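To start, the structure under review is shown below, and the notes come after it.
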Amino acid sequence: MTKSGTITIESFELSALEQLSKIIGDRYTGSGITNFFHKAGFTKYQHDGTTKWRFVYEVLQDIQSIPSGQYHIIKIIQLLCNPQEYINNGDYHEEIVGQVNEIIKFYGLKISLETGQIVYTGKKDTRLNRNSQEVKAFDSRNYHEEIRKHGRELFAEGRYFHAVFECCKAFDKYVADKAKLDKHGSDLMSAALSMKGSLKLNKQVTETDRNEQEGIMHLCMGVMRAIRNPKGHELALEWPIDVKDALDILSLLSFLFRQIDKSIYWG
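Position 116 of the sequence shown, counted from 1, bears residue number 115 in numbering that gives the first Met the number 0, the numbering being contiguous throughout.
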């Protein structure tokens, strides 16, 4: 890493480590991930056959937890972006470097495309207000990955209505895809999650089972009716959402995403 004097690098946030993990997971096979960490000097890590990016995410958190762990993360990033790892595949190298730079620019860092080394720019991109109390509150909620994917940037920009609305749209598509239905909004939730629907949360044998199934269905329908259906046609200024309300609505959506994750398709 190129330094000008003594540079102190702050620890990477979990959201940054997650995005890096997905890049590494896409780049390498399972055995390739093991070799990657061995080459970086971390020989105790062996890919265990689980989802690649989740395995890498756990490893990066473990590495950053040791003293001066963020500098070890820097070392890993530089290995990932080393141009010698992409001989005869320069376009892919440029793509990887571009993706990594989108993450580390918030820390005043940049990867040199020519050398693969990190340089300190001294200019932190603060568009997302990473250090604001609001974003810290968002990150602390441990939202479903779809909420983070579709809502974090909008939330960080203070566009709370849009963050909620985009996550509602994402949830609508998530259910439609899993249920294999060409419907939307509350009609979709009813068709997918009713007692005769294609998504089953349980065996529906006991009254408790049936109550759970119908309860989740009504929650999903309620979210769509309250936000996705009518509000989609109104200007954000006509329906202001403050930080607390946005966090609470996103928590509900995160819970519903996880319910759909555990459901079984019954066509």
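All residues carry an ideal CB built from backbone N, CA and C; glycine is no exception. The structure presented is a predicted model; accordingly, all values stated were derived computationally and were not measured.
Exposure label - K195; buried when at least 16 CB within 10 Å: exposed
Separation of K21 from G167, as counted between CA atoms: A small fix is needed here, since residue 167 is Cys in this sequence, not Gly. Going by the C-alpha atoms only, they are around 24 Å apart.
Member of I102, A225, I8, R53 whose CA lies at the smallest distance from the CA of G121: I8
Residues near K38 by beta carbon distance below 8 Å, same chain, minus five either side: L78
Contained beta strand (DSSP E) runs [length at least 3] in the segment 41–65, N- to C-terminal order: Counting whole runs of 3 or more residues, the segment 41–65 contains no beta strand (DSSP E) stretch at all.
L198, DSSP secondary structure in three states: strand
Cβ-based neighbour list, I102, same chain, cut-off 7 Å, excluding 5 preceding and 5 following: A15, Q18, L19
Distance between I86 and I263 (C-alpha atoms, nearest Å): 44 Å
Three-state secondary structure assigned by DSSP to V342: With the chain covering 0 to 266 only, the question about residue 342 has no answer from this structure.
Distance between S189 and F164 (C-alpha atoms, nearest Å): 20 Å
Neighbour-count burial assignment, D171, 16 or more Cβ in a 10 Å radius: buried
Euclidean distance between Cα positions of A136 and Q60: 20 Å
Contact check, T28 vs Q45, beta carbons under 8 Å: Cβ distance not < 8 Å, so T28 and Q45 don't count as in contact.
Where V99 falls, given that 16 or more other Cβ within 10 Å makes a residue buried: buried
Own chain, CB closer than 7 Å to C80, minus 5 neighbours either side, in chain order: I95, V96, V99, I110, G115
Three-state class that DSSP yields for L263 in the structure shown: As written in the sequence, residue 263 is Ile, which differs from the Leu given in the question. Here I263 sits in strand by DSSP.
L112 - DSSP class collapsed to helix/strand/coil: coil
Among V118, Q83, M216, E57, the one whose alpha carbon lies nearest that of L198: M216
Three-state class that DSSP yields for S189 in the structure shown: helix
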